[in-house]
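What follows is a set of notes on a single structure, which appears directly below.
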Amino acid sequence: MAARHLLYAVVAALAAAAALGTGAVAAEEAVAPEVQRWQARAGAPVYFVEAHEVPMVDVAVVFDAGSARDGDTPGLARLTARTLDQGADGMDAGTLARRLEDTGARLSTSVDRSQARVHLRSLSEEAPLAEATALFRQVLAEPTFKEAAIERERQQMQQALRVQRQSASKVAERALYEAMYGEHPYATPPAGTDEGLAALDPGRVAAFHEAHYVAANAGIAIVGDLERAEAEALATRVLDALPAGEPAPALPEPPAEPAEDEIRIDFPATQTAIAMGLPAIARGEEALEYPLRVADQVLGGGGLVSRLFRAMREERGLSYSTASRLHVEPVRGPWIVRSSVKAERTEEALSVLRSEIRRLTQEGLDATEIDDAVRHLTGSFPLALASNSGLLRQLSAMAAHRLPADHLARYIPRMEAVDPASVQQALDARLDPERMVTVIVGPDVEATGAEPE
Amino acid sequence: MTLLYRCAAALLLAGLATAAEAAEIHEHELDNGLTVLVEEDHRAGVAVSMLWYHVGASYEHRPITGVSHALEHMMFKGTEQRDSGEFSRLISREGGEHNAFTARDYTAYYEMLAADRLELALELEAERMHQLALDQAAFEREMQVIREERRQRVADSPEARAFERFNATAYMASPYRDPIIGWRHDLARMELADLAAWYERWYAPANATLVVVGDVEPEAIFDMAERHFGAVPARAAGSPPEGREIDTAPGKRQVELTLDDARVPLLYLAYNAPSLATAERPRDAYALLMAAEILDGGSSARLPARLVRGEGIATSASASYSAVVRLDTLFSLVARPSDASGLDGLAEALRAEVRRLRQEPVGEAELQRAVTRLMASEVYERDAPMGRARQLGRLEATGIGWRERERFEARIRAVTPADIQRVARRYLQPERLTIGRLLPADDGEA
Numbered sequence: 009m010a011a012r013h014l015l016y017a018v019v020a021a022l023a024a025a026a027a028l029g030t031g032a033v034a035a036e037e038a039v040a041p042e043v044q045r046w047q048a049r050a051g052a053p054v055y056f057v058e059a060h061e062v063p064m065v066d067v068a069v070v071f072d073a074g075s076a077r078d079g080d081t082p083g084l085a086r087l088t089a090r091t092l093d094q095g096a097d098g099m100d101a102g103t104l105a106r107r108l109e110d111t112g113a114r115l116s117t118s119v120d121r122s123q124a125r126v127h128l129r130s131l132s133e134e135a136p137l138a139e140a141t142a143l144f145r146q147v148l149a150e151p152t153f154k155e156a157a158i159e160r161e162r163q164q165m166q167q168a169l170r171v172q173r174q175s176a177s178k179v180a181e182r183a184l185y186e187a188m189y190g191e192h193p194y195a196t197p198p199a200g201t202d203e204g205l206a207a208l209d210p211g212r213v214a215a216f217h218e219a220h221y222v223a224a225n226a227g228i229a230i231v232g233d234l235e236r237a238e239a240e241a242l243a244t245r246v247l248d249a250l251p252a253g254e255p256a257p258a259l260p261e262p263p264a265e266p267a268e269d270e271i272r273i274d275f276p277a278t279q280t281a282i283a284m285g286l287p288a289i290a291r292g293e294e295a296l297e298y299p300l301r302v303a304d305q306v307l308g309g310g311g312l313v314s315r316l317f318r319a320m321r322e323e324r325g326l327s328y329s330t331a332s333r334l335h336v337e338p339v340r341g342p343w344i345v346r347s348s349v350k351a352e353r354t355e356e357a358l359s360v361l362r363s364e365i366r367r368l369t370q371e372g373l374d375a376t377e378i379d380d381a382v383r384h385l386t387g388s389f390p391l392a393l394a395s396n397s398g399l400l401r402q403l404s405a406m407a408a409h410r411l412p413a414d415h416l417a418r419y420i421p422r423m424e425a426v427d428p429a430s431v432q433q434a435l436d437a438r439l440d441p442e443r444m445v446t447v448i449v450g451p452d453v454e455a456t457g458a459e460p461e
Numbered sequence: 263m264t265l266l267y268r269c270a271a272a273l274l275l276a277g278l279a280t281a282a283e284a285a286e287i288h289e290h291e292l293d294n295g296l297t298v299l300v301e302e303d304h305r306a307g308v309a310v311s312m313l314w315y316h317v318g319a320s321y322e323h324r325p326i327t328g329v330s331h332a333l334e335h336m337m338f339k340g341t342e343q344r345d346s347g348e349f350s351r352l353i354s355r356e357g358g359e360h361n362a363f364t365a366r367d368y369t370a371y372y373e374m375l376a377a378d379r380l381e382l383a384l385e386l387e388a389e390r391m392h393q394l395a396l397d398q399a400a401f402e403r404e405m406q407v408i409r410e411e412r413r414q415r416v417a418d419s420p421e422a423r424a425f426e427r428f429n430a431t432a433y434m435a436s437p438y439r440d441p442i443i444g445w446r447h448d449l450a451r452m453e454l455a456d457l458a459a460w461y462e463r464w465y466a467p468a469n470a471t472l473v474v475v476g477d478v479e480p481e482a483i484f485d486m487a488e489r490h491f492g493a494v495p496a497r498a499a500g501s502p503p504e505g506r507e508i509d510t511a512p513g514k515r516q517v518e519l520t521l522d523d524a525r526v527p528l529l530y531l532a533y534n535a536p537s538l539a540t541a542e543r544p545r546d547a548y549a550l551l552m553a554a555e556i557l558d559g560g561s562s563a564r565l566p567a568r569l570v571r572g573e574g575i576a577t578s579a580s581a582s583y584s585a586v587v588r589l590d591t592l593f594s595l596v597a598r599p600s601d602a603s604g605l606d607g608l609a610e611a612l613r614a615e616v617r618r619l620r621q622e623p624v625g626e627a628e629l630q631r632a633v634t635r636l637m638a639s640e641v642y643e644r645d646a647p648m649g650r651a652r653q654l655g656r657l658e659a660t661g662i663g664w665r666e667r668e669r670f671e672a673r674i675r676a677v678t679p680a681d682i683q684r685v686a687r688r689y690l691q692p693e694r695l696t697i698g699r700l701l702p703a704d705d706g707e708a
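Chains as they are written, first to last, in the numbering used here: chain C, 9 to 461; chain G, 263 to 708.
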């Protein structure tokens, strides 16, 4: 353990250096990354890291307005976010884009199951930042949601759904979430459904915006070349544009049993896409989260060194890509294993994947595997904080989950504390192969035709 | 409104002055010919090492297409000193991220680590530069993996299949016509001896560039490189094979594909054009770069403004010009029609936008906005050490040279509306055009 503690000191210092930008923090000062957090309007938490090396500023506003809030119209959350910058406060989309680009700034929106994120990247020079911020406020608070803009974005989303249907792995992902979550909102695909998109109109989009894009439902992450007072003023300017509003209600618990445990979908392709998963971990369940992260790293999260990579790729040449991933969400997010394999070898691949999962649940991890995985996860942690983009990603997640300011500082000690017993305990609690759904999307092997070039 | 734009643009200049203040680049050459480039970025305690071999798919020919990429896979399979996978385990244990990529002009291997652990990456890279163990059984398994990679990336994607055919048509005499991963039949017959010969011929220190960006001291990196790569014997490497496109206009070409598994139509247009490496003068390449920027540099640019929002005939429309390549290149437009029957109308609209570049000078405000976008991007690029290492490596591996980065800003600012019109007239003309249409077998409504 001594080696680990030494490592911790060094890595923590590196993490601190990343945040402070000095690159010269002494190793014995094992301090946390300097994340500043404060409460702003309507309790919205703001997270800020000063980074003066590059003259730029990133601001992300996250709302609890992901597709879990779509209700009976899947696609609503994403359509709303996509249309935000398509006209605001009397400006049409073109005018808005020209004014923003004249400052050198960029604006983007994204929506996943649990949140909507609106991101502004600007130069830190005072005048362009002020102009970009003014436009950002208008986009967040006064989007016009004109009929034509909604129609255009809807059409693009409908086409994107058809593009998804060209891909076996996309089809598999959709089916997997539906089977894992049943009636729960996480079953809803962020990209929407044909029926959901067809039912949407400017009134529903505007109503969704009014209910969800409010200060009480927001969190802000800021990274860049600003002083604390400037960051506070920036956050205030953004939040003052929004009504106070109400936070979105808590989501229900996911079902304990999947609706189905194996789904086969016939699909014309040379490969079969396999997706397996189950709801596994919610934010806040720290005693389980960190052991599961280590187990995921060993199973299939660790890229070129994982068990699945070795078993599927190195030893058998079954697949180019096989990986696992743990999604930590406000209520139990899924642990997912995915692979694409030659169609003729589907059954062999399934049996390899299932036996690796069974071996993990039955035998857990030995101390060496845990040590290697923890060394990687703690050693690569500073890499994730090495750029403003990386810091913003971390702070956005913290803002979405309203985490304490020392969340990043506690990452390494919590990883360090993982041992074989805690891994076994977490696996016993959350990885029950009997509750795992398997989705298999590919051709009927008997009927496979000639392979395209 | 105009006043506001000008005001913002003028104020911006103060901020953008710092874009030029990118860190200095330090260069050193070892006795065996390996070039080492170091760029300091002291903010984060992290460093990236990228080793670039100046060889890629454009050095290949049938029936060995895909050999550069196959060799890249085998570079993870062990050396005279180490077992297969040990490289990855060692880097991973030190908290590093690593991988490799093969392109038309280069094959590159990278590691990102805490800066004080970087020496491990150099030690391991030096070993596999000259002591790779090529094992027959491992090769056979890995070729299965590569065939799965091709199925995943190409065979099961109607768009990738269509693009492969389109690309093979748009390039006439250039090796850029062959896919980087290799044609299926070539992958089926590939032998370990092909890889061994490729390794022997191209993986020489004099045919490689080591780029290090991060929290490091240049002199310390040079010493480290001497310590590890100094042991690699000097060897003669091949010189990059010639592969220029034919100079006179190749003629208008069309490729149309109807694919059962396609659900959405897609349109490609590409004009044969010189790259920064082959242009008579760099100014021409920069003018083409600005032409692409005018068409699609941001949400306010012409294609999104006129085709996606204005007429609404496209759901997406983009333009790109790959300037940093070794051989002649393409100026490309890719678009999806809003409805399945609209491919011809969309092709006509894209060509009308290209005609407009030939016929009308770009307005001052529009040009200034494009320059502002590009200069702001230069500032944002400084946030990513990985991106900067890639930039330097690509310039070196394509023969353009890393010093071009220092000239980038001045050359962008020097482009005039007349330059854009001139290159559009010369290169963006019908005899240089290839049009590709991908059609779903069932109108995409299934």
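Note that the Cβ used here is the ideal one computed from N, Cα and C, for glycine as well.
(request) Determine the burial state of residue 306 (chain G): buried for a count of at least 16 other Cβ atoms within 10 Å of its Cβ, exposed for fewer. (result) buried
(request) Throw me the rounded Cβ distance for the residue 488 (chain G) and residue 292 (chain G) pair, which I believe falls under 8 Å. (result) 6 Å
(request) Could you work out which residues of chain C lie near residue 523 (chain G), taking near to mean beta carbons separated by less than 8 Å? (result) 174, 276, 277
(message) Excluding the 5 residues flanking residue 411 (chain G) on each side, which residues of the same chain have their C-beta closer than 7 Å to its C-beta?
(response) 443
(message) Checking 7 Å against the spacing of the C-beta atoms, do residue 532 (chain G) and residue 584 (chain G) come in under that value?
(response) no
(message) In the DSSP assignment, the beta strand (DSSP E) including residue 288 (chain G) goes from what residue to what residue?
(response) 287-291
(request) Could you tell me the boundaries of the alpha helix (DSSP H) in which residue 396 (chain C) lies? (result) 396-409
(request) Determine the direct distance from the alpha carbon of residue 605 (chain G) to that of residue 391 (chain C), and round the result to whole angstroms. (result) 45 Å
(message) Ignoring anything shorter than 3 residues, give me the beta strand (DSSP E) runs that lie fully in the stretch 40-83 of chain C, in order along the chain.
(response) 44-47, 53-58, 64-71
(message) Taking beta-carbon pairs under 8 Å, can you tell me which members of the stretch 287-315 of chain C lie near chain G?
(response) 310, 311, 312, 313
(request) Consider the Cβ of residue 383 (chain C): report whether some Cβ of chain G lies at a distance smaller than 7 Å. (result) yes
(message) Using 8 Å for Cβ pairs, my map puts residue 405 (chain C) next to residue 43 (chain C). What's the rounded Cβ distance?
(response) Contact flag wrong, Cβ pair sits at about 12 Å.
(message) Tell me whether the stretch 479-497 of chain G and the stretch 666-678 of chain G touch, counting them as touching only if at least three CB pairs, one residue from each stretch, are closer than 8 Å.
(response) no
(message) Please classify residue 313 (chain C) as buried or exposed, where buried requires at least 16 other C-beta atoms within 10 Å of its C-beta.
(response) buried
(message) Please tell me whether residue 695 (chain G) has its Cβ less than 7 Å away from any Cβ of chain C.
(response) no
(message) By the DSSP assignment, the alpha helix (DSSP H) with residue 483 (chain G) in it spans what residues?
(response) 480-491
(request) Report the neighbours of residue 635 (chain G) on chain C: residues whose CB is nearer than 8 Å to its CB, in chain order. (result) 109, 112
(message) Please report the straight-line C-alpha distance between residue 100 (chain C) and residue 94 (chain C), rounded to a whole angstrom.
(response) 7 Å
(request) Taking only beta-carbon positions, decide if residue 397 (chain G) is within less than 7 Å of chain C. (result) no
(request) Check residue 533 (chain G) in the structure and name its three-state DSSP category. (result) strand
(message) DSSP three-state label for residue 344 (chain C), please.
(response) strand
(request) Tell me the start and end of each unbroken alpha helix (DSSP H) in the stretch 598-652 of chain G that is at least 4 residues and wholly inside, in chain order. (result) 605-621, 626-643
(request) Using a cut-off of 8 Å between C-beta atoms, extract the partners of residue 322 (chain C) located in chain G. (result) 346, 347, 403
(request) Could you confirm whether any beta carbon from chain C is found closer than 7 Å to the beta carbon of residue 653 (chain G)? (result) no
(request) Measure the alpha-carbon distance for residue 163 (chain C) versus residue 463 (chain G) and round it to whole angstroms. (result) 52 Å
(message) Contact criterion: CB-CB distance below 7 Å. Does residue 101 (chain C) meet it with respect to chain G?
(response) yes
(request) For chain G, find out if any of its Cβ atoms is closer than 7 Å to the Cβ of residue 327 (chain C); answer yes or no. (result) yes
(request) Express the C-alpha separation of residue 347 (chain G) and residue 255 (chain C) in angstroms, rounding to a whole number. (result) 49 Å
(request) Report, in whole angstroms, the separation of the C-beta atoms of residue 691 (chain G) and residue 619 (chain G), which I expect to be a contact under 8 Å. (result) So it is not a contact: roughly 11 Å between Cβ atoms.
(message) Which same chain residues end up closer than 6 Å to residue 139 (chain C) when comparing Cβ atoms and leaving out the 5 residues on each side of it in sequence?
(response) 111
(message) With H, G and I counted as helix, E and B as strand and the rest as coil, what does DSSP make of residue 306 (chain C)?
(response) helix
(message) Between residue 689 (chain G) and chain C, is the shortest Cβ-Cβ distance under 7 Å, so that the two count as touching?
(response) no
(request) Note down, in chain order, all residues in the stretch 561-587 of chain G with a beta-carbon under 9 Å from any beta-carbon belonging to chain C. (result) 561, 562, 563, 566, 567, 570, 571, 572, 574, 577, 578
(message) Tell me the rounded alpha-carbon separation between residue 171 (chain C) and residue 526 (chain G).
(response) 6 Å
(request) Could you tell me the boundaries of the beta strand (DSSP E) in which residue 310 (chain G) lies? (result) 308-315
(request) Would you kindly work out how many angstroms separate the C-alpha atoms of residue 528 (chain G) and residue 418 (chain C), rounded to a whole number? (result) 49 Å
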